[in-house]
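The sequence shown begins at 648 in our numbering and counts up one residue at a time.
Each remark here refers to the structure printed beneath this line.
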Amino acid sequence: MISSLDAVRAISRERGDAVVVSTMTPNRYWESVSENRDLDLPIFGAMGKASSVALGIALAKPDKKIIILDSDGGLLMNLGSLITLAGTA
648 MISSLDAVRA ISRERGDAVV VSTMTPNRYW ESVSENRDLD LPIFGAMGKA
698 SSVALGIALA KPDKKIIILD SDGGLLMNLG SLITLAGTA
């Protein structure tokens, strides 16, 4: 299995000019590998809201690629957002 740190390193290498929305545990790893902090949006204290925030950015900036780094617990807290994400993808 790939470690969380190795996973975010791989994402960082491929991100290009994408906006990265991260929350909870992924924040710890992402901050150590990100090379474009101007396009990072770390969310602290809003567990379960990363997907909704990223969707808002994607709707406001449809020309931008958005990457969400969420935790399993965070996603479970806001499962309803997946329906909206899928409907607008």
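Beta carbons are placed, not taken as given, at the ideal position from N, Cα and C, and that holds for glycine.
Am I right that residue i and residue j are in contact with their C-beta atoms under 8 Å? What's the rounded C-beta distance?
i, j, result
"T670", "A697", "4 Å"
"V667", "L652", "Not quite, the Cβ-Cβ distance comes to about 15 Å (not below 8 Å), so this is no contact."
Specify the secondary structure class of residue i as computed by DSSP and reduced to three states.
i, result
"I714", "strand"
"D664", "coil"
"L688", "strand"
"S669", "strand"
"E682", "coil"
"N725", "coil"
"S736", "The sequence given here has Ala at residue 736, not Ser. Coil."
"G703", "helix"
Given residue i, which residues of its chain have a CB within under 6 Å of its CB, disregarding the five upstream and five downstream residues?
i, result
"V655", "Y676, W677 and V680"
"S699", "S728"
When you compare only the Cα positions, how much space is there between residue i and residue j?
i, j, result
"T663", "I714", "At residue 663 the sequence reads Gly, which differs from the Thr that was named. Those two C-alpha atoms are separated by around 11 Å."
"L729", "A665", "20 Å"
"P673", "N725", "17 Å"
"M648", "E682", "25 Å"
"F691", "E661", "24 Å"
"A693", "R684", "20 Å"
What does a CB cutoff of less than 8 Å around residue i pick up in its chain, not counting 5 residues either side in sequence?
i, result
"A705", "K711, I713 and T735"
"L732", "S698 and L702"
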